[in-house]
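To start, the structure itself, in structure tokens.
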Amino acid sequence: MAAVHEIGIRKDSLGIKTYIYIFLIAGAVTMAIPYVWMFVTSIKPLEEIQAFPPSFIVKNPTIEPYQDLFRMVPMIRYLFNSIFVAGCITLFNVFATSLAGYAFAKHRFWGRDKIFFVFLASLMIPWQVNIIPGFIIVKNLGWLNTYKGLIIPSMAWCAFGIFINRQFIYSIPDDLIDAARIDGCSEFRIYISVILPLIKPVLATLAIFTFLQQWNNFVWPLVIIHNSSMRTIPLGLAVLTGQFGANYAMVMAGAVVATIPMLVVYLMFQKYIIRGIALTELKG
Amino acid sequence: MEKETFWQKLNRQKSSYLFIALPAILFFIFQLVPLIASFFLSFTEYNVVHMPKFVGLQNYKSILFDDPLFWKAMRNTVFYVAGVVPIGICVSLLLAVAIDQKIKFKNFFKSLFFLPTVTAIIAVSVIWKWLYAGEKYGLFNFFLIKFGRQPIDWLASPEWTLPSIMIMSVWAGVGYNMILFLSGLQTIPNTMYEAAEIDGAGFWRKFFHITLPLLKPTLVFVSLMSLIFSFQVFEQVYIMTGEQGGIGGVLNSALTIVAYLYDKGFMKFQMGYASALAYVIAFCVFILTMVNKSLMGESRVDY
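Protein sequence lines, in the order shown, are assigned to chains A and B. Going letter by letter, the first sequence gives residues 1 to 284 in the numbering used here. Going letter by letter, the second sequence gives residues 1001 to 1303 in the numbering used here.
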């Protein structure tokens, strides 16, 4: 945040500033209410949920909705599934796309630009086109209801990572790489000890972004997972809402459990996430 | 530089191919093959159990000429996009401009507005479903009653289901666009504003004559992304309307095009028909991209 545009120089801008604060505070309240309401509902006993008028203040807070939640659905398993699946895809994505990005940026080989173009063009294709044959392929491989089915097809969505990595590795001076080659480094060695350290910030951003995306991914698990123990958090929450929709406290407890891990990740890595969004603009 | 021998060259190329092998193979199996497969499937009748049966252009013909539900879904989707995209862009642009000023608690506001972006859209939809709850339990209806209005059957009435989803989508999407606008605003040099202030320009004058024109590249990008993204709305519809085994709400009043595809493909298992739908969607997305690019014109700005 280098340039802050100041308008508080002129006298009459004081009025404008008041309006800006009113606008921002109204926005902040609008943003916060659903979250607050979710949390408040999740610790309310039944009588208070049905009470009119509804209140933001809980008279007798209870953890019963959370106890119900963990008793009725394997919430811990869902959390593990989500972390495991998103984690594997992220690890693969970071490693494989930077390696491929290095080859596309710094190697000369037959078909390089054509292959890269195919990757790039695939960014234009909406997922709806792939999902039906994707489902059929996974079904024929016997991967329905498995981690393989959740993880491996999602690894194929790597075009964006390859593109970003190629962009950044392209700007690394060739001299560095040539020097390593003269020292007798293998190409993989060059990738590990020259390229990787230089693109760490990009990889961190890509990692968090991929993790976030995969954590929130809903459609693919919805299509290929049909048994309870393999559900990820969003799918588990959707099924929970369908089954126990009337038990608002428990459903909201589920929403809290689904929201908190990402909230923690967000607060820890805010910088990288916001940078990652700026990166998406590169592809436009 | 010394000329490489043939073997060195081959060895170097070998490592290049090895480096791209893994993503390329996965990409081939799970992206290219499906892309082509669904093209072929779109000319067949296929229900997963029996072999696909070739029907020529029948699926496309049915979709375009005798499927009222497809057109209903299309109308709903266009209505959704036409509401969510402009409103979302206006709100997020104003938020970005407001945060870009010299104000206190800048980061607090920014983090808060961005929060829905890192909340799973499923969780957001579940929370809002509760906010929209019927009669007097829901928070929104409580406010309506408090201000002397009749409560609304948000998600159970044909005229309100889609608007309810739209309001939520705007809420969930402004933070993301705001960040894009903020990074666009950073590229506008401060001197422009100072010069305008010396000339006596007020807040709105500066907004319309400096900020907006110079933000055009970002504006083009954001509008394109939100058009494409909104056109493919699905999760919200699934949660908010997918109650009785169906999807789309009362009288299909909130059936969007991707929800229709899901219904055809994965609830009715008409996979040939759904593949044709997928290609129709892809075609629409492509047209949207082209129209948007030409409407917004040359997006480079010189100053």
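We put the CB at the ideal spot given by N, CA and C, even for glycine.
One or two residues paired with residue i in a DSSP bridge
i         : result
Thr1044/B : Phe1054/B
Nearest-angstrom Cβ-Cβ length linking residue i and residue j, presumed shorter than 8 Å
i         : j         : result
Ile49/A   : Thr62/A   : About 11 Å; that fails the 8 Å criterion.
Asn1177/B : Ser1092/B : 4 Å
Ala249/A  : Lys59/A   : Contact doesn't hold; Cβ gap of about 14 Å is too wide.
Met1074/B : Ile1247/B : Not quite, the Cβ-Cβ distance comes to about 16 Å (not below 8 Å), so this is no contact.
Ile1127/B : Pro53/A   : That pair is no contact at about 20 Å.
Gly1249/B : Leu1155/B : 7 Å
Val118/A  : Leu1035/B : That pair is no contact at about 11 Å.
Proximity test, Cβ basis, 8 Å: residue i and chain A
i         : result
Val1126/B : yes
Glu1279/B : Contrary to the premise, residue 1279/B reads as Tyr rather than Glu in this sequence. Answer yes: the Cβ-Cβ gap between Tyr1279/B and chain A drops below 8 Å somewhere.
Ala1037/B : yes
Glu1235/B : yes
Gln1031/B : yes
Gln1270/B : no
Gly1265/B : yes
Tyr1132/B : no
Gly1276/B : It is worth fixing the name first, because residue 1276/B is Ala in this sequence and not Gly. No, Ala1276/B lies away from the interface with chain A (no Cβ there is under 8 Å from its Cβ).
Leu1026/B : yes
Gln1058/B : no
Tyr1260/B : no
Val1301/B : The pLDDT assigned to Val1301/B is 45, lower than 50, so where the model puts this residue is not dependable; a value taken from the coordinates is nonetheless given after this. No, Val1301/B does not count as interfacial toward chain A.
Ala1096/B : no
Leu1093/B : no
Thr1119/B : yes
Ser1169/B : no
Ser1111/B : yes
Pro1151/B : no
Val1285/B : yes
Any chain B beta carbon closer than 8 Å to residue i
i        : result
Trp215/A : yes
Ser122/A : yes
Pro47/A  : The residue you asked about is not Pro; residue 47/A is Glu in the sequence shown. No, no contact with chain B.
Ile230/A : First, the residue type needs correcting, since residue 230/A is Met and not Ile in the sequence shown. Met230/A does not count as touching chain B.
Glu64/A  : no
Ile233/A : yes
Cys185/A : no
Cys88/A  : no
Ile292/A : Look at the range of chain A in this structure, 1 to 284, and you will see that residue 292/A is not part of it.
Gly134/A : yes
Gly292/A : As shown, chain A starts at 1 and ends at 284. That puts residue 292/A outside it, with no answer to give.
Met268/A : no
Lys11/A  : Legend: pLDDT at Lys11/A = 44, less than 50; position of this residue unreliable, no value from coordinates given.
Gly128/A : Reading off the sequence shown, one finds Gln at residue 128/A, where the question assumed Gly. Yes, Gln128/A lies at the interface with chain B (some Cβ there is under 8 Å from its Cβ).
Phe23/A  : yes
Val223/A : yes
Ile182/A : no
Val251/A : yes
Trp220/A : no
Ile7/A   : Any reading at Ile7/A must be qualified, since the residue scores a pLDDT of 49, below 50, and its modelled position is unreliable; the value itself is stated next. It does; some Cβ of chain B falls within 8 Å.
Gly149/A : no
Test item: CB-CB of residue i and residue j under 8 Å
i         : j         : result
Met1271/B : Ile208/A  : no
Leu1277/B : Lys1072/B : no
Ile277/A  : Leu212/A  : no
Leu1214/B : Ile1198/B : no
Asn81/A   : Thr241/A  : no
Tyr1080/B : Leu1162/B : yes
Ile115/A  : Ala1024/B : yes
Gln1236/B : Met1192/B : no
Gly149/A  : Ile76/A   : no
Met252/A  : Leu1115/B : no
Leu1185/B : Asp1100/B : yes
Cys185/A  : Phe1027/B : no
Ala258/A  : Pro234/A  : yes
Interface flag, residue i vs chain D, CB-CB below 8 Å
i       : result
Phe84/A : Any reference to chain D falls outside this structure, whose protein chains are A and B.
At a cut of 8 Å, does the stretch 1102-1111 of chain B reach the stretch 1281-1296 of chain B through at least three beta carbon pairs?
no
Below 8 Å, how does it come out for the stretch 1273-1283 of chain B and the stretch 125-138 of chain A: are there three or more Cβ pairs, yes or no?
Pairwise C-beta distances place the stretch 1273-1283 of chain B in contact with the stretch 125-138 of chain A, as three or more of them are shorter than 8 Å.
Taking three-plus beta-carbon pairs below 8 Å as touching, is the stretch 94-112 of chain A in contact with the stretch 158-173 of chain A?
yes
When you compare the stretch 145-160 of chain A with the stretch 1029-1045 of chain B, are there three or more beta-carbon pairs, one atom per stretch, that lie closer than 8 Å?
yes
Touching by the beta-carbon criterion (3+ pairs, under 8 Å), the stretch 210-225 of chain A and the stretch 82-96 of chain A:
yes
How about the stretch 1214-1221 of chain B and the stretch 1161-1174 of chain B: do they share at least three Cβ pairs that are nearer than 8 Å?
no
Using 8 Å as the Cβ pair cut-off and three pairs as the minimum, do the stretch 1129-1142 of chain B and the stretch 1224-1233 of chain B touch?
Too few Cβ pairs lie closer than 8 Å, so no.
Three or more C-beta pairs below 8 Å linking the stretch 1261-1269 of chain B and the stretch 1148-1164 of chain B:
Result no; under three Cβ-Cβ pairs closer than 8 Å.
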